[in-house]
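2 protein chains.
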Amino acid sequence: MAPSSSPIATVAAASDPQGRDSLGAALADRPLPGFRLTLDAPLQLDSGGSLAPVTVAYQTYGTLNAARSNAVLVCHALTGDQFVAEASPITGKPGWWEGMVGPGLPIDTNRFFVICVNVLGGCIGTTGPRDVDPRTGKPYGLSFPVITVGDMVRSQRALIDHLGIDQLFCVIGGSMGGMQVLQWAAMYPDRVFCAVPIAAAVRHSAQNIAFHEVGRQAIMADPEWCGGDYLAQGRQPSRGLSVARMTAHITYLSEQALHRKFGRNLQDRERLTFGFDADFQVESYLRYQGRTFVDRFDANSYLYITRAMDYFDLARDFGSVSAAFKGTRTRFCVVSFTSDWLFPTRESRAIVQALNAVAANVSFVELVSDKGHDAFLLDEPEFLAVMRGFIDGCAEHRGLARA
Amino acid sequence: MAPSSSPIATVAAASDPQGRDSLGAALADRPLPGFRLTLDAPLQLDSGGSLAPVTVAYQTYGTLNAARSNAVLVCHALTGDQFVAEASPITGKPGWWEGMVGPGLPIDTNRFFVICVNVLGGCIGTTGPRDVDPRTGKPYGLSFPVITVGDMVRSQRALIDHLGIDQLFCVIGGSMGGMQVLQWAAMYPDRVFCAVPIAAAVRHSAQNIAFHEVGRQAIMADPEWCGGDYLAQGRQPSRGLSVARMTAHITYLSEQALHRKFGRNLQDRERLTFGFDADFQVESYLRYQGRTFVDRFDANSYLYITRAMDYFDLARDFGSVSAAFKGTRTRFCVVSFTSDWLFPTRESRAIVQALNAVAANVSFVELVSDKGHDAFLLDEPEFLAVMRGFIDGCAEHRGLARA
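Line by line, the protein sequences are chains A and B. Just so you know, our numbering puts 30 at position 30 of the first sequence, and the rest follows in order with no gaps. Just so you know, our numbering puts 1140 at position 140 of the second sequence, and the rest follows in order with no gaps.
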């Protein structure tokens, strides 16, 4: 079944008089693959306000079955997008979960109908701060409302309603994607048959808030940020956003991974230069990460989405974490990685303990990996095997036909 | 015995036409307590060049005995200074090791003659990039040579020579201070009776280089940095330096310490504001750390000193870490803290293993603390007790009289 929303969407370029908005340039007048749905009603927000219009950009893979029972919602992380299993139209690089989603893969697109939605506040088609505020005719910038993971999930639910899906077979995602998984299971328990929060937590830790705050300060310290009004002024806080990305990138890897990858190897030189060029490969790598990020991400989106993660706290919203899941019939598989220090295993254990306290159906796997938080994005064989096992097992319980 | 160098030094303020150089303002025309020595000869640098003139600012506590055998050299960390055991003349805050150094304390100033030197490249009296280059009459800025931990130690040795001290009883320090300790023991083994590298390493790890690189990029991304020429232009890269400090500060604490201190507590408010103000105490705390740092530290010094740490690598300089200590008669006490993730215990173990490989006299203590890397600056009772035990034991071997 093809969804009824527009099959091809074009993301309008923001005003770009000086050619500085690389993201705008990348998207301008180029068809964005996938679909867009503009919601019928204003989206009610956790902040108390509402937002309209809201457009939700999403991508799908596979076919929805007649019973509409084989849908898998994949939730992306902070800087992810809806292009799970195909090249990004922005960067041309492979989809971010091509090892997980596809024909014959753990999330088998021959069997499942896979949906991935660009999050609310994002910059790849779904309404966010770089979009034009219809009240002013200018990009929202900082007048965009602060949104939450709950708001993201609420916008996704509107899409799932629109697609006529009563219950998602599975909601799965890592990092902020895992937060969305937990939020889905807490807010709409009857609409989630099974849930896989990976490398996630029931609330953002003080240390993680701190790292996000550094990133935000780096962006807001850049004079080109212009108080958030850089798009209207044809400017771009590239240097601030780049520093924010560099900081974050370190937290996505493990010390061991950085050591194995780079150690103290020098970059294209035999000896130290006694200067401030990138002598070490790790410096060069980080600078590259920062530089390329600004071409694919919007600085204000970065502010809004990191804020949403910081605000995430199931205990605050539901009274306690267990209360969030009381009476749930969803089957959970909680996954962590040994070398992940951003969302360490103890955070996943807290999810499991809360689920156990309400006698939920939960399995928990801590996978041995030295690749840090980003392990969930990589083709780790044991991880893929665990995912395949859990998803196949749940599909059998759900009575879904084999591919 | 009073050292013969000038007892009171005045740090000249850099040109400050717009009043933006807060560090300059703090130091301007105010007597800097302690001593300054201008070296007789140009300082030979690891980069191959030399530097002249070099002034070394230092502070002392206690009295040098007639045999000149009771001197303890305390080496400070990245942003430390020579004011170990007295209020900082810049900030008015207590000395950074007042729990360790003083009458009756582990480094007992009734018994020992304590020397602490502002490192080469620093900004509290010792020659660094904010000083005036005599060739141009302007602050060095980026024309200051890139220096190493070896260069720092070489400048300290010139001071120790000047003070007529053949052998230091003890060289002790944490973090970059610990690197200086190791460098002293490696370069001048006969001049160090005992050595205490705390929370240190034999080389800076890829992850630590990465964090430093983020800090440097934050500074250099600030347009007020002016290519390093901000002092001459009466400007100051406060925002960049502040972001650099915020990032670094996170690495000095443990996740547990941040959680215990702040958790997700809100700052002077009862609920989330749904904005980008500092909702969380940890955000407010970090912003404060960044803001106050720029009043006491020079941005270019930050670049040079982080670079020196990145370059630190005993194996590169001596062929192997063991080779650096071959034949040493120095007694070592290597100390690490369980929750230190910047210089984790495995880094200290690498020091110990190298020392064991050359049959050195070494003891090793891993202290249980949840306070992270900064534990070495705090009054941790077990740490203080271990230090007292080692130092007293060595003093007995050295035949030093009790206080």
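A virtual CB, placed ideally from N, CA and C, is assigned to each residue, including glycine.
Item                                                                                                                                                            : Value
Do you know how far the Cα of A1085 of chain B is from the Cα of G1062 of chain B?                                                                              : 11 Å
By alpha-carbon positions, which one of B:R1316, B:R1130, B:D1277, B:N1065 ends up nearest to R1111 of chain B?                                                 : B:N1065
Quick one: residues in its chain with C-beta nearer than 6 Å to the C-beta of I1250 of chain B, no 5 flanking neighbours on either side, listed in chain order? : none
Taking its Cβ as the centre, do 16 or more other Cβ atoms sit within 10 Å of H1212 of chain B, making it buried, or is it exposed?                              : buried
If the cut is a Cβ gap below 9 Å, which residues of chain B does Y311 of chain A touch?                                                                         : L1272, F1274, D1279
In the structure shown, what three-state DSSP assignment does T60 of chain A receive?                                                                           : strand
Mind listing which residues of the stretch 244-266 of chain A have their C-beta closer than 7 Å to chain B's C-betas, in chain order?                           : M246, T247, I250, E255, L258, H259, F262, G263, R264
In whole angstroms, what separates the C-alpha of R1398 of chain B from that of D1313 of chain B?                                                               : 30 Å
Distance check for L142 of chain A and D229 of chain A, CA to CA, integer angstroms please.                                                                     : 7 Å
When you compare the CB positions of V1202 of chain B and A1350 of chain B, do they come within less than 7 Å of one another, or not?                           : yes
Would a C-beta distance cut-off of 7 Å place P129 of chain A and Y304 of chain A closer than the cut-off?                                                       : yes
State yes or no: is the beta carbon of L1231 of chain B nearer than 7 Å to at least one beta carbon in chain A?                                                 : no
Have a look at A403 of chain A and D108 of chain A and give me their C-alpha separation to the nearest angstrom.                                                : 8 Å
Answer with yes or no whether the minimum CB distance from A87 of chain A to chain B is below 7 Å.                                                              : no
Mind pulling the chain A residues with CB within less than 8 Å of G1240 of chain B?                                                                             : A221
Output the boundary residues of the beta strand (DSSP E) element that contains G1173 of chain B.                                                                : 1168-1174
Is there a C-beta anywhere in chain B that falls below 7 Å from the one on V202 of chain A?                                                                     : no
Could you work out which residues of chain B lie near A218 of chain A, taking near to mean beta carbons separated by less than 7 Å?                             : A1218, V1243
Report buried or exposed for Q281 of chain A, applying the criterion of at least 16 other Cβ atoms within 10 angstroms of its Cβ.                               : buried
Would you say V368 of chain A lies against chain B (beta-carbon separation less than 7 Å)?                                                                      : no
Less than 8 Å between the CB atoms is what I'm expecting for C1194 of chain B and T1330 of chain B, so what's the real figure, rounded?                         : 6 Å
Apply the 10 Å Cβ neighbour rule to Q44 of chain A and answer buried if 16 or more other Cβ atoms are within range, or exposed otherwise.                       : exposed
Quick test of your reading: V386 of chain A and V365 of chain A, contact by CB under 8 Å. State the CB separation rounded to the nearest angstrom.              : 5 Å
Could you tell me whether any Cβ in chain B is nearer than 7 Å to the Cβ of I209 of chain A?                                                                    : yes
Could you say which of B:V1196, B:G1095, B:L1078 lies nearest to T1306 of chain B if we only look at CA atoms?                                                  : B:L1078
Going along the chain, which residues of the stretch 1342-1362 of chain B sit with their C-beta nearer than 7 Å to a C-beta in chain A?                         : none
Using CA coordinates, which residue listed in B:L1105, B:R1154, B:F1113, B:A1257 is at the minimum distance from V1072 of chain B?                              : B:F1113
For chain A, find out if any of its Cβ atoms is closer than 7 Å to the Cβ of A1401 of chain B; answer yes or no.                                                : no
In the DSSP assignment, the alpha helix (DSSP H) including I1391 of chain B goes from what residue to what residue?                                             : 1381-1398
Output, in chain order, the set of chain A residues within a Cβ distance shorter than 7 Å of V1294 of chain B.                                                  : Going along chain A, no residue has its Cβ under 7 Å from V1294 of chain B, so there is no contact; the nearest lies around 12 Å.
Report, in whole angstroms, the separation of the C-beta atoms of V1171 of chain B and L1241 of chain B, which I expect to be a contact under 8 Å.              : 30 Å between Cβ atoms; not a contact.
Kindly indicate the opening and closing residues of the beta strand (DSSP E) around V54 of chain A.                                                             : From DSSP, V54 of chain A is part of no beta strand (DSSP E); its letter is neither H nor E.
Go through its chain and collect everything with a Cβ distance to V404 of chain A's Cβ below 6 Å, but skip five positions before and after it.                  : Missing from the structure shown is residue 404 of chain A; chain A here goes from 1 to 403 and no further.
A324 of chain A and A186 of chain A look like a contact to me (Cβ under 8 Å); what is the Cβ gap, rounded to whole Å?                                           : 4 Å
Going by C-alpha to C-alpha distance, which of B:A1248, B:T1345, B:Q1207, B:F1169 sits closest to E1396 of chain B?                                             : B:F1169
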